[in-house]
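Asks: This is the structure, below, for whatever I ask next.
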Amino acid sequence: MRNKRLLVIIILFLIIGALINPFGLLKPIKNYTNVITSPITGEIYQTTIAVENFFHTLFSLGNLIKENNSSKGEIAKLKSDNIKLNEMKFENNLLREELKFSQSTRFQLIASNIISKSPDGLINSVTINKGSKDGIKKDQAVISQGFLVGRIGNVYKQSSEVSLITSNISKVPAYLQDSRGTGIVRGGLKGLSLEDIPLDVMPKKNEAILTSDIGNILPSGIPIGNVDEVSLTQNDLSHSAKIKSPISFSHLEMIFVIKQ
Amino acid sequence: MKNLKIYLTVLFFVLLQVSFVPHMKLFGYYPNLVLLLLISLLILKDFKSAILWLITGGLLLELFSHQFFGFYILQFILIYTLYWFVIKPYLHEPPYFLVLITYAITAILLGLYDSLILKHNFLSSLPVIVVYQSLAGFCIYYLMSKLRRKQISIIK
Numbered sequence: 001m002r003n004k005r006l007l008v009i010i011i012l013f014l015i016i017g018a019l020i021n022p023f024g025l026l027k028p029i030k031n032y033t034n035v036i037t038s039p040i041t042g043e044i045y046q047t048t049i050a051v052e053n054f055f056h057t058l059f060s061l062g063n064l065i066k067e068n069n070s071s072k073g074e075i076a077k078l079k080s081d082n083i084k085l086n087e088m089k090f091e092n093n094l095l096r097e098e099l100k101f102s103q104s105t106r107f108q109l110i111a112s113n114i115i116s117k118s119p120d121g122l123i124n125s126v127t128i129n130k131g132s133k134d135g136i137k138k139d140q141a142v143i144s145q146g147f148l149v150g151r152i153g154n155v156y157k158q159s160s161e162v163s164l165i166t167s168n169i170s171k172v173p174a175y176l177q178d179s180r181g182t183g184i185v186r187g188g189l190k191g192l193s194l195e196d197i198p199l200d201v202m203p204k205k206n207e208a209i210l211t212s213d214i215g216n217i218l219p220s221g222i223p224i225g226n227v228d229e230v231s232l233t234q235n236d237l238s239h240s241a242k243i244k245s246p247i248s249f250s251h252l253e254m255i256f257v258i259k260q
Numbered sequence: 261m262k263n264l265k266i267y268l269t270v271l272f273f274v275l276l277q278v279s280f281v282p283h284m285k286l287f288g289y290y291p292n293l294v295l296l297l298l299i300s301l302l303i304l305k306d307f308k309s310a311i312l313w314l315i316t317g318g319l320l321l322e323l324f325s326h327q328f329f330g331f332y333i334l335q336f337i338l339i340y341t342l343y344w345f346v347i348k349p350y351l352h353e354p355p356y357f358l359v360l361i362t363y364a365i366t367a368i369l370l371g372l373y374d375s376l377i378l379k380h381n382f383l384s385s386l387p388v389i390v391v392y393q394s395l396a397g398f399c400i401y402y403l404m405s406k407l408r409r410k411q412i413s414i415i416k
């Protein structure tokens, strides 16, 4: 009898919760849950990545030695290129000074740590330790090592949800850097792909893919990845191609939110 | 006191689910250990009390969920209802192979649920979901059943 009463109370509570959720009244509860549990979940998350990296390094020692030997020749060449680049940089600065260009960084970035991930294996999203009080807003772009990794979803006072571009439901307008063809970057279990490319555009292998400002959702020009395995599946209206990103989405630690 | 231990175990599994389990991704998928734990409790413990544990586990997951409120609770209630009407007669001290089949069926139902709600292509990930979820669930069930036998032998 007591159990039944408790069950009825819980079900009523759930119905009320489902009804008030669209009005954002559950946000403070979610915010405080993230704040209270973030020391534990954040620590477990970061420690697991560190352990994974340790074992990964251990098992790839043999490959590292081979790569080290082949890198020595490349280092010498890069040193020489670096000298030439420094010279060009000096000339560039002189020209800017001449023409009085203002040197400003393009984006303002907010650094944040990942404190937890979505409980569901199919939804690729993470929670970060920055929220509305830090200037985070919905749909802001999120990058790691200069590449797009996701977009801000729900925002709470001290935390936010980031929907990763590898998510099944993610759609990012993008363009090919050389051929200038546009498309939509979609995620999923098979990885990232650029779809809806016009038929008259031929993507080249290793061609860079960047965000487009179509729809005014994301800033233009953020790198997403490169064309990999140009497997053009032709339907009546468009092509598609697989994308290779240098970002390891399962090993994200610190990410940056672009403050637009 | 006994029930408090169960609720604390559920809370522990929820914290693991959002911090540690995502690193156990295989072919882009990782299982829901909270649900698997609750199904183990459903089979091993009191079926009637299990609904409260399921709802508690669901509620705790909702706090970390990036979906609409009720995504996990609805999932858990649907599974409980199915178990109550269809599978319950076969779950009295079931053999291990039947437990494995139960987890496989649950994995298929979860895949269907996710495909309807998340508009995900269920068939492309079905083998991974079924195998991974079933094996993980069976491991949790095996551990819980060993613990239960140990508790019973201590009481005796």
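Read top to bottom, the protein sequences are chains A and B.
Position 103 of the first sequence, counted from 1, bears residue number 103 in this note's numbering, the numbering being contiguous throughout.
For this note's numbering, count along the second sequence from 1 and bump the result up by 260.
Here a beta-carbon is modelled for each residue, glycine too, at the ideal position from N, C-alpha and C.
As the structure is a computational prediction, the values presented were derived from the model and not from experiment.
Which same chain residues, not among the five before or five after residue 150/A, have their C-beta less than 7 Å away from its C-beta?
Replies: Taken in chain order, the residues that qualify are 142, 162, 163, 164, 165.
Asks: Find the residues of chain A that neighbour residue 275/B, judging by a C-beta separation of less than 8 Å, and give them in chain order.
Replies: Correct list: 37, 40, 41, 44.
Asks: On the criterion of 16 or more Cβ atoms from any shown chain inside 10 Å, does residue 117/A qualify as buried, or is it exposed?
Replies: With 16 or more other Cβ atoms within 10 Å, it is buried.
Asks: Answer with yes or no whether the minimum CB distance from residue 306/B to chain A is below 7 Å.
Replies: Cβ-Cβ to chain A under 7 Å: no for residue 306/B.
Asks: Distance check for residue 371/B and residue 101/A, CA to CA, integer angstroms please.
Replies: At residue 101/A, the pLDDT of 43 sits below 50, so the modelled position is not reliable; the number obtained from the coordinates is stated separately. Whole-angstrom Cα-Cα distance: 56 Å.
Asks: Quick check on this structure: which residue in 318/B, 334/B, 286/B, 303/B has the alpha carbon closest to the alpha carbon of residue 376/B?
Replies: Measuring from the Cα of residue 376/B, the nearest candidate turns out to be 334/B.
Asks: Under the rule that 16 or more other beta-carbon atoms within 10 Å means buried, what is residue 411/B, buried or exposed?
Replies: The residue is exposed, with fewer than 16 neighbouring Cβ atoms inside 10 Å.
Asks: Should residue 92/A go down as buried or exposed, given a rule of 16 or more other Cβ atoms within 10 Å for buried?
Replies: Under this definition residue 92/A is an exposed residue.
Asks: Fully enclosed by the segment 30–82 of chain A, which beta strand (DSSP E) runs are 3 residues long or longer?
Replies: As far as the segment 30–82 of chain A is concerned, it has no whole beta strand (DSSP E) run of at least 3 residues.
Asks: Distance, Cα to Cα, residue 71/A vs residue 64/A?
Replies: Looking at the two C-alpha atoms, the distance is approximately 10 Å.
Asks: State the Cα-Cα distance for the pair residue 390/B and residue 227/A, rounded to the nearest angstrom.
Replies: C-alpha separation (whole angstroms): 32 Å.
Asks: Of the residues 309/B, 330/B, 310/B, which one's Cα is nearest the Cα of residue 319/B?
Replies: If we check each option's Cα against that of residue 319/B, 330/B comes out closest.
Asks: Let me make sure I understand the geometry here. Which of 158/A, 252/A, 167/A has the alpha-carbon closest to that of residue 28/A?
Replies: The shortest Cα separation from residue 28/A among 158/A, 252/A, 167/A belongs to 158/A.
Asks: Expressed to the nearest angstrom, what Euclidean distance is found between the alpha-carbon atoms of residue 52/A and residue 383/B?
Replies: Their Cα atoms are separated by approximately 30 Å.
Asks: Quick check on residue 270/B - is its C-beta less than 7 Å from some C-beta in chain A?
Replies: For residue 270/B, the answer is no, since every Cβ of chain A falls outside 7 Å of its Cβ.
Asks: Roughly how many angstroms separate the alpha carbons of residue 223/A and residue 145/A, rounded to a whole number?
Replies: Cα to Cα, residue 223/A sits roughly 10 Å from residue 145/A.
Asks: Based on Cα-Cα distance, which residue from 409/B, 303/B, 312/B lies nearest to residue 5/A?
Replies: Answer by Cα proximity: 312/B.
Asks: Please classify residue 186/A as buried or exposed, where buried requires at least 16 other C-beta atoms within 10 Å of its C-beta.
Replies: It is buried - the Cβ of residue 186/A has at least 16 other Cβ atoms within 10 Å.
Asks: Going by beta-carbon coordinates alone, are residue 400/B and residue 300/B separated by less than 7 Å?
Replies: Yes, the Cβ-Cβ distance between residue 400/B and residue 300/B is below 7 Å.
Asks: Beta-carbon within less than 8 Å of residue 35/A's beta-carbon, same chain only, minus the 5 sequence neighbours each way: which residues are those?
Replies: Only 158, 159 meet the Cβ criterion.
Asks: Looking only at its own chain, which residues have a Cβ that is under 7 Å from the Cβ of residue 168/A, when we skip the five neighbours before and after it?
Replies: Contacts found: 122, 187, 188.
Asks: Report the CB separation of residue 184/A from residue 196/A in whole angstroms; it is logged as a contact under 8 Å.
Replies: Correct: roughly 5 Å between the Cβ atoms.
Asks: Have a look at 114/A, 202/A, 108/A and flag the residue whose alpha-carbon is nearest the alpha-carbon of residue 178/A.
Replies: The shortest C-alpha separation from residue 178/A is found at 202/A.
Asks: How is residue 5/A classed by DSSP in three states: helix, strand or coil?
Replies: Looking at residue 5/A - three-state DSSP - the assignment turns out to be helix.
Asks: Going along the chain, which residues of its own chain have a beta-carbon closer than 8 Å to the beta-carbon of residue 264/B, five neighbours each way excluded?
Replies: None.
Asks: Would residue 136/A count as contacting chain B if we go by Cβ distances under 7 Å?
Replies: No, no contact with chain B.
Asks: Would you verify that the beta carbon of residue 121/A is, or is not, closer than 7 Å to some beta carbon of chain B?
Replies: True, the Cβ-Cβ gap to chain B drops below 7 Å.
Asks: What beta strand (DSSP E) runs, 3 residues minimum, are completely inside the segment 112–166 of chain A?
Replies: Segments of the beta strand (DSSP E) lying fully in the segment 112–166 of chain A: 125–128, 141–144, 147–155, 160–164.
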